[in-house]
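Going by my numbering, the residue at position 250 of the sequence shown is 237; the numbering climbs one at a time, nothing skipped.
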Amino acid sequence: MRLTVIGCGYVGLVTGACLAAAGHDVHCTDIDEKRIDMLKAGQVPIYEEHLDEILKRAVAEGKISYTADTGEAIRAGDVIFICVGTPPKESGEADLSAIDHVAREIATQARGPKLVIEKSTVPALTGVQLQKALAAYSRTSDVKFEVASNPEFLREGTAVGDFFHPDRIVVGVENEKSAAVMREIYAPILERKFHCPVHQGKCPTETAGELVITTINSAELIKHASNSFLALKISYANVISDLCERIGADVEQVTHAMGLDPRIGTQFLKAGLGFGGFCFPKDIQAFIHLAGTVGVDFEMLKAAERVNKQRIDRYFDKIRKALWVIRGKRVAILGLAFKANTDDIRFAPALDVIRRLLDEGAEVQATDPEAIAKTKMVIPDVKYYDDPYETLRGADAALVCTEWKLFRELDWERAGTLMTRRLVIDGRNLYSPKKMQELGFEYYSFGRP
Ligand code: UGA
């Protein structure tokens, strides 16, 4: 099938690359010409494990192409995936101007019928607007557009594996014809007919995810409802963690035992600095906003958002307690990305921590396996080091902000000899308090004695 992907950001690239790997012909386009030039030159503009190898393979097999000419890309595909950004406005509402712009492009450039799929995360009822916009912008009533919603549930850092091995593929359609097209697109994934770069032919044998076919409104709601629920879970664990600190319990023990109940589940109960990234913070704001517009006060979600914002305050309480005066102290930050295995720093808790430390007069040195280049552009007045041990040299404290494996495996005995003071304030609960103490560290983390 001939597919067009509009928007070569994270979602667009992963979607385009994986669908090409599943055997479809994919045409990718983006208004950012530099990005298209990079892709044509074989460079991948984002860091995502396995993405470069599947793109390389797809190019070699002639399954994927890139163009900055949106019209050309639109005409090349029967099905168009809209993968453009929907950033938050001041009010929390999602800014849908890029979707509107793309609708106009599709309506004016298409010469034949298209199935237009919302892949970008959008608030419920966007499909209705999209359908109206396509009809309104179209110069002729001869070209027919169908709309579908196909929300993505990929996690940054494991996106390629998630695409090939989904728990569910949600497809919101208006009629059986669109449903049949969507089934065909995802058949290779559901039937496991693709080359999996993650497992190299040894994919887990459990059955493939379920294809859930719903209305467009339901599909849109499923996406926001899922992300918001996960965010609620994290904030819940964080409040439990605060309680554990007051009561003298251990949040790891509590959440582990809670999670053994399959109705609760162990995932997304990790206490610490809270959630960041470009999905949860903006999606819950958009969901609260959408609920408000239809007269539903999503009080519960507002509380989850408030709890998350307060995580940085809680962290600073710990920092202040341990360091006493922050001004003039040399602080080493381990981790900049909002989570491990990505170079994404959008809404990353580490950046809030750094900005606050700088405001309070600390000297900051930082490291991250992937996110230094991006952070340098927004916070230049920090000393960045590739080597974590260099980052820790002369530091009065080490602050762990991202759960990279590299940091989990650090040799703290060696690090201790480099630091001015053996003090670790761990925002991600990576180490055993007992072991750190045995190594002579003052060690603080979240919700643990
Ligand atoms: C999230 C969802 O997990 C995906 O299913 C969804 O497709 C995606 O948003 C999206 O809407 O595009 P992602 O933002 O990549 O994926 O990251 P997560 O792994 O969900 O982590 C989000 C944040 O929560 C991170 O800052 C992480 O450190 C934090 N987190 C996660 C916790 O603080 N505790 C936990 O127990 C789990």
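Ideal Cβ placement from N, Cα and C applies to all residues, glycine included. None of the values given here were measured: they were computed from a predicted structure.
*Could you tell me which of I341, A123, V411 sits nearest to K131, measuring between CA atoms?*
A123
*Less than 8 Å between the CB of Q272 and some heavy atom of ligand 1, yes or no?*
no
*Under three-state DSSP, which class holds I203?*
helix
*If you measure from the CB of T108, is any heavy atom of ligand 1 nearer than 8 Å?*
yes
*Taking C-alpha atoms, which residue in S432, C15, D87, I93 lies nearest to K308?*
S432
*Which listed residue (N328, D413, G322) has its alpha carbon closest to that of Y302*: D413
*Under the DSSP definition of a beta bridge, which residues are partnered with G159?*
S136, T201
*asked:* The beta strand (DSSP E) that contains S52, what's its start and end?
replied: 51 to 54
*Thinking just about the alpha-carbon of each residue, which of H186, L410, G279 is nearest to the one in L426?*
L410
*Output yes or no for whether 9 Å exceeds the beta carbon distance between S52 and H14.*
yes
*Could you pull the start and end residues of the alpha helix (DSSP H) that R298 belongs to?*
286 to 310
_K101, enclosing alpha helix (DSSP H) - first and last residue_ = Per DSSP, K101 belongs to no alpha helix (DSSP H); it is in the beta strand (DSSP E), 101 to 105.
*the segment 239 to 259 in contact with the segment 414 to 421 per 3-pair CB rule at 8 Å*: yes
*Would you give the residue range spanned by the alpha helix (DSSP H) that V(-2) belongs to?*
-3 to 8
*Between T389, R333, V387, which lies nearest to M364 when the distance is taken from Cα to Cα?*
R333
*Same chain, Cβ closer than 6 Å to G(-1), five either side skipped, listed in chain order*: V(-8), C70
*Would you identify the three-state DSSP class for Q352, choosing helix, strand or coil?*
strand
*Pick helix, strand or coil for V318, following the three-state DSSP scheme.*
strand
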